[in-house]
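Undergrad: In our numbering, the protein residues as written are 859 to 970.
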Amino acid sequence: MAQGGGFTQQMQQKDTKAPIKNEASNGLHNVRGTLSMARTSNPDSATSQFFINVADNAFLDPGRDAGYAVFAKVVKGMDVVDIIVNSQTTTKQGMQNVPIDPVLIKSAKRVD
Numbered sequence: 859m860a861q862g863g864g865f866t867q868q869m870q871q872k873d874t875k876a877p878i879k880n881e882a883s884n885g886l887h888n889v890r891g892t893l894s895m896a897r898t899s900n901p902d903s904a905t906s907q908f909f910i911n912v913a914d915n916a917f918l919d920p921g922r923d924a925g926y927a928v929f930a931k932v933v934k935g936m937d938v939v940d941i942i943v944n945s946q947t948t949t950k951q952g953m954q955n956v957p958i959d960p961v962l963i964k965s966a967k968r969v970d
C-alpha cells in the first residue's frame, strides 16, 4: 500500500481536524485501487491520513476488528501508484519505507 496525508514532503506532521467515526461497514472492500482511511488501533481515530491499496487486502475489511473505511478509488493513474510503491525507500525521522524522492499528489477530484 501507499500511505499519505499526514506529513509534508519535509516530514513535518500536518495539523489535522478532529478524528472521524469509522465507516468501514459501508459495503466497500479494500481491493486494488481503492483508497481507505488510515487510523490507529482506535477504530474512530482517522484524521487526514489515507492509503491506496495496491493489492486486494481483505484482511483490512471489517471482521476480526473494525476494518478500514474505503472512501474512493483510483480511476486513472494506477500505473503511477505502482511506480511510487516500487520506488527506492529509506528510513527518515524514524519512519520506515519513505520514498527517497518525495512524492506529492498535486490534485485529486471527485468523479460522479
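From the three backbone atoms N, C-alpha and C, an ideal C-beta is built for every residue, glycine too.
Tell me, please, whether the region 947–956 touches the region 907–923 by the rule of three or more beta-carbon pairs shorter than 8 Å.
TA: Flag = no, the region 947–956 and the region 907–923 do not touch.
Undergrad: Taking Cβ to Cβ, would you say A860 is nearer than 7 Å to G925?
TA: Position 2 of the sequence shown, counted from the first residue, corresponds to residue 860. Position 67 of the sequence shown, counted from the first residue, corresponds to residue 925. It is not a contact, given that the beta carbons lie outside the stated cut-off.
Undergrad: Our contact map puts V939 next to I910 with C-beta atoms below 8 Å; I'd like the distance itself, whole angstroms only.
TA: Taking the first residue of the sequence shown as position 1, residue 939 is located at position 81. Taking the first residue of the sequence shown as position 1, residue 910 is located at position 52. Going by Cβ atoms, the distance from V939 to I910 rounds to 5 Å, so yes, they are a contact pair.
Undergrad: State the Cα-Cα distance for the pair A896 and D959, rounded to the nearest angstrom.
TA: For the purposes of this step, residue 896 is identified with residue 38 of the sequence shown, where counting begins at 1. For the purposes of this step, residue 959 is identified with residue 101 of the sequence shown, where counting begins at 1. Going from the Cα of A896 to the Cα of D959 covers about 22 Å.
Undergrad: Would you kindly work out how many angstroms separate the C-alpha atoms of V961 and I941, rounded to a whole number?
TA: By 1-based counting over the sequence shown, the position of residue 961 is 103. By 1-based counting over the sequence shown, the position of residue 941 is 83. So the two alpha carbons sit approximately 11 Å from each other.
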